[in-house]
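**Student:**
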Amino acid sequence: MSNSNILIFTDLDGSLLNHNNFDFKEIKDFILSCIGKGIKIVPNTSKTHKEINIFLDKLGQKLPFVCENGAAIHNVDLLHPEINSKDSSLIFSRSLSEILEVFKNNIPIEFQKKCIFVKDMSPKDQMEVLGLNDKYLPYALNREYSMPLIFEGSKDNINEFTTLLKTNGMKLHEGGRVLNICDNCSKGKAMKTLIKMLNDNFDLKTHTIVVGDSPNDISMLNSCDQPCVIPLPGKRNLIELKDHKIIRATKSAPEGWEEVVRASLKKINFDLEG
Ligand SMILES: [Mg+2]
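Numbering (the numbering used here), first residue to last: 1 to 274.
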């Protein structure tokens, strides 16, 4: 297999970045060595375009990436220079104002009342809920396609709310810290669309590795060649996934990311050192 046909779609928070401080310095050299070997790394996250750019600056690389739970893919030209896109981006979502409009008009008021949107919280609460300091908070709040929230209700309420959103063409995603109302997109859908474009138009036979830690990663974990799960500190997450192919890290992020990527590459006899 050509190295450039190995694609790693990876969640960031809790999967590649430390869940508490968002650091990844322990594995930075390993990530760079993967890129140096021609492996394509595609962050696929609920983070915003601006937040991902901060990560890419720290990494010192320009990478293709999926933002806001599958709402858009940017820098697709890095995967193939002739891919059909507008400004190297593919957009799968309606705008935030359109989504908010549908939410206000179509979701029963008793459910709307249970939604505490992050955008409406005090800066102190926003920082606490998102685990960010005041330097990074504005980038997380600068959303184009999704509305993060805390839902004040039971598990049954959440299930009912999820169904209501679905009926209205939207999705509720559960990340490591908050819920997110999005258009009818998901990390898995964006990934599959991209892979299909690469396969259909350029006959690329890809091998996809996915790394995730939370329910909003299930859609991509379920549609790849090699799913990998990273444990959150002190938590056994995604135990409902029974696929025998799954590689589960013993360490949390960032070290767990290196652990599962090494194991995934070993499984296909990919030599990182040679
Ligand atoms: Mg995560």
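Beta carbons are placed, not taken as given, at the ideal position from N, Cα and C, and that holds for glycine.
Out of curiosity, what's the CA-to-CA distance linking V42 and K25?
**Tutor:** By one-based count along the sequence shown, residue 42 stands at place 42. By one-based count along the sequence shown, residue 25 stands at place 25. Whole-angstrom Cα-Cα distance: 18 Å.
**Student:** Can you tell me which of the three DSSP states V178 falls into?
**Tutor:** Numbered from its first residue, the sequence shown carries residue 178 at position 178. Three-state DSSP puts V178 in coil, outside helix and strand.
**Student:** Is any non-hydrogen atom of ligand 1 found closer than 6 Å to the C-beta of S214, if you look at the structure I gave you?
**Tutor:** Within the sequence shown, the letter at position 214 stands for residue 214. S214 Cβ: within cutoff of ligand 1.
**Student:** What is the residue span of the beta strand (DSSP E) that C115 lies within?
**Tutor:** Counted from its first residue, the sequence shown places residue 115 at position 115. Looking at the DSSP string, the run of the beta strand (DSSP E) that includes C115 is 115-117.
**Student:** Please list the terminal residues of the continuous alpha helix (DSSP H) segment that includes I341.
**Tutor:** There is no way to answer for residue 341, as the model of the chain reaches only from 1 to 274.
**Student:** Which same chain residues, not among the five before or five after K251, have their C-beta less than 7 Å away from its C-beta?
**Tutor:** Along the sequence shown, one-based indexing puts residue 251 at 251. Contacts found: E259.
**Student:** Tell me which same chain residues have a C-beta within less than 8 Å of the C-beta of C224, skipping the five on either side of it?
**Tutor:** To locate residue 224, count along the sequence shown from 1; it is residue 224. Correct list, in chain order: F9, M191, T208, I209, V210.
**Student:** Going by the C-beta, is S15 closer than 6 Å to any heavy atom of ligand 1?
**Tutor:** Within the sequence shown, residue 15 is the residue found at index 15, counting from 1. Yes; taking the cut-off as 6 Å, the Cβ of S15 has a heavy atom of ligand 1 nearer than that.
**Student:** How many Å lie between K196 and K205 at the Cα?
**Tutor:** Locating residue 196 in the sequence shown gives position 196, where the first residue counts as 1. Locating residue 205 in the sequence shown gives position 205, where the first residue counts as 1. About 10 Å.
**Student:** Based on Cα-Cα distance, which residue from G212, D57, D156 lies nearest to K187?
**Tutor:** The count along the sequence shown starts at 1 and reaches residue 187 at position 187. Comparing Cα-Cα distances from K187 to each of G212, D57, D156, the minimum goes to G212.
**Student:** What residues in its chain sit with their C-beta under 8 Å from that of E82, if we drop five residues either side in the sequence?
**Tutor:** Within the sequence shown, residue 82 is the residue found at index 82, counting from 1. For E82, where only same-chain residues beyond five positions count, the Cβ hits under 8 Å are N201, F202.
**Student:** Regarding D243 and ligand 1, is the C-beta to nearest heavy atom distance less than 6 Å?
**Tutor:** Numbered from its first residue, the sequence shown carries residue 243 at position 243. Because no heavy atom of ligand 1 lies under 6 Å away, the Cβ of D243 does not count as near it: no.
**Student:** Just mark G14 as buried or exposed, buried being the case when its beta carbon has 16 or more other beta carbons within 10 Å.
**Tutor:** To locate residue 14, count along the sequence shown from 1; it is residue 14. Buried: at least 16 other Cβ atoms inside 10 Å.
**Student:** Take L221 and list the residues in its own chain whose beta-carbon comes closer than 6 Å to its own, dropping the five residues that flank it on each side.
**Tutor:** In the sequence shown, counting from the first residue as 1, residue 221 sits at position 221. Once the five neighbours on either side are set aside, the close Cβ partners of L221 are V210, G212, P227.
**Student:** Closest to E110 by CA distance: which of A263, L79, F151 is it?
**Tutor:** As a first step, residue 110 is located in the sequence shown; it is residue number 110 there, counting from the start. Selection A263, L79, F151 evaluated against E110 yields F151 as nearest (Cα-Cα).
**Student:** So G212 is in the beta strand (DSSP E); what residue range does that whole segment cover?
**Tutor:** In the sequence shown, residue 212 corresponds to position 212, counting from 1. From DSSP, the beta strand (DSSP E) with G212 extends over 207-212.
**Student:** With C-beta atoms as the reference, is T48 less than 7 Å away from N142?
**Tutor:** Taking the first residue of the sequence shown as position 1, residue 48 is located at position 48. Taking the first residue of the sequence shown as position 1, residue 142 is located at position 142. Cβ atoms of T48 and N142: closer than 7 Å.
**Student:** Can you find the residues in the same chain that come closer than 6 Å, C-beta to C-beta, to L165, ignoring five residues on each side of it along the sequence?
**Tutor:** Translated into the one-based positions of the sequence shown, residue 165 becomes position 165. L172, listed in sequence order.
**Student:** Does DSSP classify K242 as helix, strand or coil?
**Tutor:** Residue 242 sits at position 242 when you count from the first residue of the sequence shown. K242 falls in the coil class under three-state DSSP.
**Student:** Using a threshold of 7 Å, state whether the C-beta atoms of Y278 and S93 are closer than that.
**Tutor:** For residue 278 there is no data in the structure shown, the boundaries of the chain being 1 and 274.
**Student:** Quick one: is the Cβ of G176 within less than 6 Å of any heavy atom of ligand 1?
**Tutor:** Residue mapping note: residue 176 aligns to position 176 of the sequence shown, counting from 1. Because some heavy atom of ligand 1 lies under 6 Å away, the Cβ of G176 counts as near it: yes.
**Student:** Can you look up Q126 in the DSSP assignment and give me helix, strand or coil?
**Tutor:** Counted from its first residue, the sequence shown places residue 126 at position 126. Helix, per DSSP.
**Student:** If you drop the 5 nearest sequence neighbours on each side, which residues of the same chain put their C-beta closer than 6 Å to that of P148?
**Tutor:** By 1-based counting over the sequence shown, the position of residue 148 is 148. The residues are V118, V178, N180.
**Student:** From N84 to L90, what does the alpha carbon distance come to, in whole angstroms?
**Tutor:** On the sequence shown, residue 84 is found 84 positions in, with the first residue counted as 1. On the sequence shown, residue 90 is found 90 positions in, with the first residue counted as 1. Spanning the two alpha carbons is a distance of roughly 9 Å.
**Student:** For my contact list, N168 and K114 are in at a C-beta cut-off of 8 Å; report their separation, rounded to the angstrom.
**Tutor:** Sequence index remark: in the sequence shown, residue 168 carries index 168 (1-based). Sequence index remark: in the sequence shown, residue 114 carries index 114 (1-based). N168 to K114, Cβ: 16 Å. No contact.
**Student:** So does D23 have its beta carbon nearer than 6 Å to some heavy atom of ligand 1?
**Tutor:** By 1-based counting over the sequence shown, the position of residue 23 is 23. Every heavy atom of ligand 1 is 6 Å or more from the Cβ of D23, so no.
**Student:** Would you give the residue range spanned by the alpha helix (DSSP H) that V261 belongs to?
**Tutor:** Position 261 of the sequence shown, counted from the first residue, corresponds to residue 261. Run containing V261: 255-267, per the alpha helix (DSSP H) assignment.
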